[in-house]
Each structure stands twice: as structure tokens, then as C-alpha cells.
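The block underneath contains the structure these notes are about, expressed in C-alpha cells.
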Amino acid sequence: MRKVITYGTYDLLHYGHINLLQRAKELGDYLIVGITSEDFDRNRGKINVKQSLMERIEAVRALGIADEIIVEEYEGQKIDDIRRYNVSVFTVGSDWIGKFDYLREYCEVTYLDRTEGISSSDIRSENRKINIGLIGDDEYLIKFYRESQYVNGLKVVSLYKELADETKSEFKGVEYITNDYEEMLQHVDAVYIHSYPERHYELIKGALLAKKHVLCEAPLVIQAEQINEIESLAIQNNCILMTALRTAFSTAYMRLLLLLKSGVIGNIKSVEATCTSLKRKEFLDGGNLEGQWNSICEWGPTAMLPVFHILGIDYKQKIISSNLLKDHPRFDLFTKIDFLYTDAVASIKIGQGVKSEGHLIISGTKGYIYVPAPWWKTDYFEVRFENAEDSRRYFYQLDGEGIRYLLVAFCKAVESGKDPGYISNEISNEIVKVVNDFYLKKDLYEI
1 MRKVITYGTY DLLHYGHINL LQRAKELGDY LIVGITSEDF DRNRGKINVK
51 QSLMERIEAV RALGIADEII VEEYEGQKID DIRRYNVSVF TVGSDWIGKF
101 DYLREYCEVT YLDRTEGISS SDIRSENRKI NIGLIGDDEY LIKFYRESQY
151 VNGLKVVSLY KELADETKSE FKGVEYITND YEEMLQHVDA VYIHSYPERH
201 YELIKGALLA KKHVLCEAPL VIQAEQINEI ESLAIQNNCI LMTALRTAFS
251 TAYMRLLLLL KSGVIGNIKS VEATCTSLKR KEFLDGGNLE GQWNSICEWG
301 PTAMLPVFHI LGIDYKQKII SSNLLKDHPR FDLFTKIDFL YTDAVASIKI
351 GQGVKSEGHL IISGTKGYIY VPAPWWKTDY FEVRFENAED SRRYFYQLDG
401 EGIRYLLVAF CKAVESGKDP GYISNEISNE IVKVVNDFYL KKDLYEI
């Protein structure tokens with residue numbers, strides 16, 4: 001029997017896919033179709049896949065062309081599959097010419113001409129036309145703009161003029177640059193906000209009243225009573241209001257959470273997260289602090305994220321210890337927050353005037369997980385045990401520090417009308433509450 005094997009994502013199955021599969025079947029007697037998993041697609045840079053693995057498998061199976069369907073999950077699997085299934089012919093589309101010549105050592109390799117004028121990427125772009133406007137006061141906005149260009153169907157069309165004039169050249173191709181927020185909102189379907197935290201409330205509210213979707217950096221607001229108002233406004237106007245903590249959308253972080261749920265390190269007793277940077281130190285050393293982020297807003301939400309994801313928000317007590325600037329008491333050089341749970345503890349250390357090792361350590365009754373600095377944009381972590389031979393290392397692709405994964409999730413949320421749930425409302429609201437308590441100096445001790 002002459003077996004043929006081919007691979008693909010088969011997202012939004014279309015005539016081009018069907019044509020390719022039919023011609024692949026004609027190359028032999030038995031066709032095996034490998035469908036790539038979500039993780040492997042991410043590793044290959046395909047972050048815009050719209051359908052789940054099971055949806056894609058069922059779509060291919062329904063065609064009745066494939067004799068057998070398998071899942072492609074790792075680099076190098078093609079060689080394993082060719083050997084395991086005794087394959088005679090490997091085939092794939094002509095856009096991959098030369099890429100798989102190394103397989104000629106194991107079987108015949110054939111590149112098939114693709115159907116002109118149709119692709120899943122084009123279909124995704126056509127179905128997902130989201131014009132977004134950027135609002136910000138930080139060079140991070142430039143990075144965000146660059147990453148947005150990797151996401152099909154998402155286009156930055158407007159910039160709310162808060163950035164310094166010298167940075168405007170980084171936004172070539174942005175059609176509307178304005179200092180009139182209402183004018184900006186007329187040109188967009190959604191906004192991304194990375195502004196001065198104390199301005200988040202008015203910016204979010206303005207966008208939601210205009211029935212625009214909102215992606216905003218945490219904390220969403222800094223006053224606890226405002227969070228229910230904007231959440232209700234989002235529901236009332238059928239808008240997505242989503243917290244933009246990119247760490248929550250990275251593959252390594254998501255896999256870490258799933259691994260913990262399996263009980264791999266036993267009962268979790270401690271979570272320690274550290275996030276520090278000296279990038280704003282010149283302002284803290286006597287510069288103009290107007291419009292600058294303090295440590296609790298800059299790093300607090302990121303550091304609290306794993307604590308609340310892993311241990312939940314029902315802690316019994318918290319203790320905030322902060323080194324505040326005497327002339328600017330809302331600015332903390334360094335803050336440590338201890339959370340006391342019924343049977344566990346957590347501690348976060350954040351700062352812009354103090355530098356420390358930015359790692360994440362999760363301790364359990366069987367072992368612990370170590371995520372090296374900078375843990376918030378890691379592609380690697382270790383599960384360690386008393387017997388070092390049992391320890392394991394996990395590696396995952398991380399593109400664009402997770403920003404493009406965040407953007408894909410936001411696009412899917414806008415399309416479906418449902419937040420994907422990477423960061424629950426409960427967690428987002430608890431982050432706001434802790435930040436608010438800092439400003440109110442509740443449970444806070446100055447050091």
C-alpha cells in the first residue's frame with residue numbers, strides 16, 4: 001500500500017484546503033492528515049488560529065477524504081510519523097518548497113501547487129476587521145503597535161496624542177493622530193489604554209459610552225467603587241472590557257497553571273513573586289513625577305496575578321509595607337505585600353527604586369516550581385523535587401513578550417462577544433481593591 005501523509009492547520013476550512021487534500025489523496029492509496037495542535041501552531045508563529053483543534057479535526061473528517069487523522073504536536077514529529085506509519089509520500093503546499101527536502105532521506109517529497117487567491121489568513125482578515133486606537137504615555141505603546149501588525153484583521157488607525165512628539169515617527173501608517181478623544185473614538189471600533197492610571201476611569205468610561213470595546217492595562221481603575229460602574233456600562237452597551245496583563249496570555253504561564261492543578265507539587269503553601277525595575281529611577285531621584293507610574297501600579301498587578309490565580313482572592317489578611325517618597329507620598333520606591341490565607345501564604349515584592357531578582361517561586365508539599373527572571377515574560381520554568389533526578393524543565397515559545405497573544409484573545413473576545421477568561425473579573429477587581437487600599441493607606445505600614 002502506498003501511504004501519503006500531509007500536514008496543516010486547516011483553520012476555517014476552505015476550497016483551497018479541499019483541493020490540496022484531494023490531490024494529495026491521488027498520490028497514493030491511503031491518506032494520513034496531520035492537524036497541528038494549538039501549542040505547535042503557536043510555536044510556528046500561527047497565533048491567529050480561530051477554531052479549536054477539535055473543530056478543525058471534525059471539519060477535515062467530515063470531508064471524507066482522509067483515511068486517518070493524527071495530531072501534530074512537536075518539532076521533528078514528521079520523521080517519527082513517516083517511520084511509524086511506513087509512509088511512501090510526504091506532500092505539502094508549494095509555498096513550502098525546499099522547506100521539507102530533508103525528508104527525502106525517508107520518503108518521496110512532493111510539493112503541490114496551492115489554489116490561487118484564497119487563504120485562511122485572508123479569510124480571517126476579512127472576517128475580523130477591527131480598527132483600534134492607542135492611548136498612552138509610555139514607550140511601551142510603540143512595542144504594542146509593532147506587535148499589532150502580526151495580528152490579522154486588527155489595524156491601528158488612530159493614536160490619542162499623549163506621547164512626546166519625538167516618538168510620533170514610530171507610528172508610520174497610523175491615519176489619525178489627534179489630541180481630541182471624542183474625534184478619535186469616531187474612527188475606531190476599540191481602544192487600547194496604557195495611560196496614566198488615574199486617567200483610566202475617564203478614558204474607559206468615555207470609550208464605553210461611545211460603544212467601543214476596551215483593552216486596558218491593569219489596574220483598570222484605582223478607586224474600587226468605579227470598577228462596578230464600568231463593568232455595568234460594558235454589559236449595558238454590549239462591549240468587551242478586558243484587562244491587558246500580557247503575562248496571563250503567554251503559553252508558559254498558562255501551562256504552569258494547568259500543571260499546578262494536576263497536583264504535581266502537592267498542596268501549594270507559598271507563592272513568591274518579585275517584579276522590580278530602575279527604568280523610572282531618574283524621576284524618583286528628583287525628576288518631574290507628574291503623569292508617572294508609581295511602583296504599585298507599574299508592577300503590582302503583574303505580581304498579584306499568579307497569587308490570585310493560584311491561591312484565589314479569599315485571603316484572610318494582607319499587610320502592605322511601602323517605602324514612600326516623603327515629598328510625593330503616592331510614590332513608592334519599594335512595596336512588599338504579604339497575603340495570609342487559611343493554609344497558605346503569598347508575598348509580592350515590587351519596586352522602581354530597588355532592584356531584586358525577578359523570579360516566581362511556588363512551593364508545595366511535594367516540590368516547587370521555579371520561574372527565573374524575568375518570570376512575567378518567561379518561556380521556561382522548572383519543576384524541582386527533593387530528588388533532583390525527578391526534576392523537569394519546560395520550554396515554550398514566547399513571541400512579542402505575549403503581546404500578540406493578548407491581541408489575538410482580544411480580537412476573539414470582540415468577535416464572540418465574550419471575554420475568554422484569562423483574567424477573571426474577580427481577579428481584576430481584587431487587583432483594583434488592593435491598589436485602592438494602597439492609596440487609602442489601609443493595611444499599609446511605611447518603612
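If you number the sequence shown the way our numbering does, the last residue is 447 and the count never jumps.
Don't be surprised by glycine CBs; every beta carbon is placed ideally from N, CA and C.
Just so we're clear, the structure is a prediction, and the values are computed from it rather than from any experiment.
Backbone secondary structure at residue i - three-state DSSP
i, result
"H200", "helix"
"G523", "With the chain covering 1 to 447 only, the question about residue 523 has no answer from this structure."
"S347", "strand"
"I123", "Because I123 carries a pLDDT of 49, less than 50, the predicted location of this residue cannot be relied on, and the following value inherits that uncertainty. In this structure, I123 counts as helix in the three-state DSSP scheme."
"I175", "According to the sequence displayed, residue 175 carries Glu and not Ile. Note: E175 maps to coil in three-state DSSP."
"D80", "helix"
"V414", "helix"
"T365", "coil"
"A388", "helix"
"V435", "helix"
"L12", "coil"
"T335", "strand"
"I447", "coil"
"F100", "coil"
"C107", "coil"
"A210", "coil"
"L440", "helix"
"L325", "coil"
"E272", "strand"
"I227", "helix"
"I320", "strand"
"L260", "helix"
"L360", "strand"
"Y140", "helix"
"T378", "coil"
"K205", "helix"
"R255", "helix"
"Y181", "helix"
"L494", "Nothing about residue 494 can be read from this structure; the chain reaches only from 1 to 447."
"I427", "helix"
"V60", "helix"
For residue j and residue i, believed in contact at Cβ under 8 Å, the rounded distance
i, j, result
"V307", "V271", "5 Å"
"V188", "G136", "Actually they do not touch by this definition, with Cβ atoms about 14 Å apart."
"L245", "A273", "Actually they are not in contact, since the Cβ atoms of L245 and A273 sit about 13 Å apart, beyond 8 Å."
"Y140", "H194", "6 Å"
"K172", "N86", "In fact, because the Cβ distance is near 53 Å, the residues do not count as touching under 8 Å."
"H17", "Y10", "6 Å"
"E108", "V89", "5 Å"
"I5", "D81", "6 Å"
"F438", "I296", "5 Å"
"L21", "I69", "No, L21 and I69 are not in contact; Cβ-Cβ is about 11 Å, not under 8 Å."
"I227", "N429", "5 Å"
"D443", "I320", "5 Å"
Residue i Cβ short of 7 Å to the ligand PLP heavy atom set
i, result
"L203", "The model on display carries no ligand, and the ligand PLP is accordingly not part of it."
Beta-bridge partners of residue i, as assigned by DSSP
i, result
"L215", "Y192 and M242"
"I235", "Answer by DSSP bridge pairing: none, since I235 is not bridged."
"V33", "T6 and I69"
"G133", "S158 and V191"
"V307", "DSSP output for V307 lists no bridge partner at all."
"G93", "L112"
"V383", "I369 and R392"
"L340", "Q317 and V345"
Proximity winner among the options, relative to residue i (alpha-carbon distances)
i, options, result
"D340", "N323, I348 and Y30", "It should be noted that the sequence gives Leu, not Asp, for residue 340. The residue with the shortest Cα to Cα distance from L340 is I348."
"Q317", "V345, T302 and M304", "V345"
"V191", "E198, S277, R199 and L208", "L208"
"D343", "Y394, K269, E389 and I320", "K269"
"I447", "L258, K326 and E231", "K326"
"H309", "Y15, R23, G421 and E183", "G421"
"A224", "D419, L185, A413 and N425", "N425"
"K279", "I222, G353 and T243", "G353"
"I222", "V408, G300, L63 and I319", "G300"
"S356", "T110, G364 and L333", "L333"
"E38", "E26, A62, L27 and V71", "V71"
"G351", "N294, D390 and K25", "N294"
"S416", "G34, Q51, M1 and E26", "Q51"
Cβ pair count under 8 Å reaching 3, the stretch 131–147 against the stretch 392–411: yes
At least three beta-carbon pairs within less than 8 Å, the stretch 382–389 to the stretch 237–254: no
Three CB pairs or more closer than 8 Å across the stretch 93–100 and the stretch 54–71: no
Segment contact flag, the stretch 417–435 with the stretch 173–183, C-beta cutoff 8 Å, min 3 pairs: no
Cβ contact (3+ pairs, closer than 8 Å) linking the stretch 245–258 and the stretch 325–339: The stretch 245–258 is not in contact with the stretch 325–339.
The stretch 256–268 in contact with the stretch 360–377 per 3-pair CB rule at 8 Å: yes
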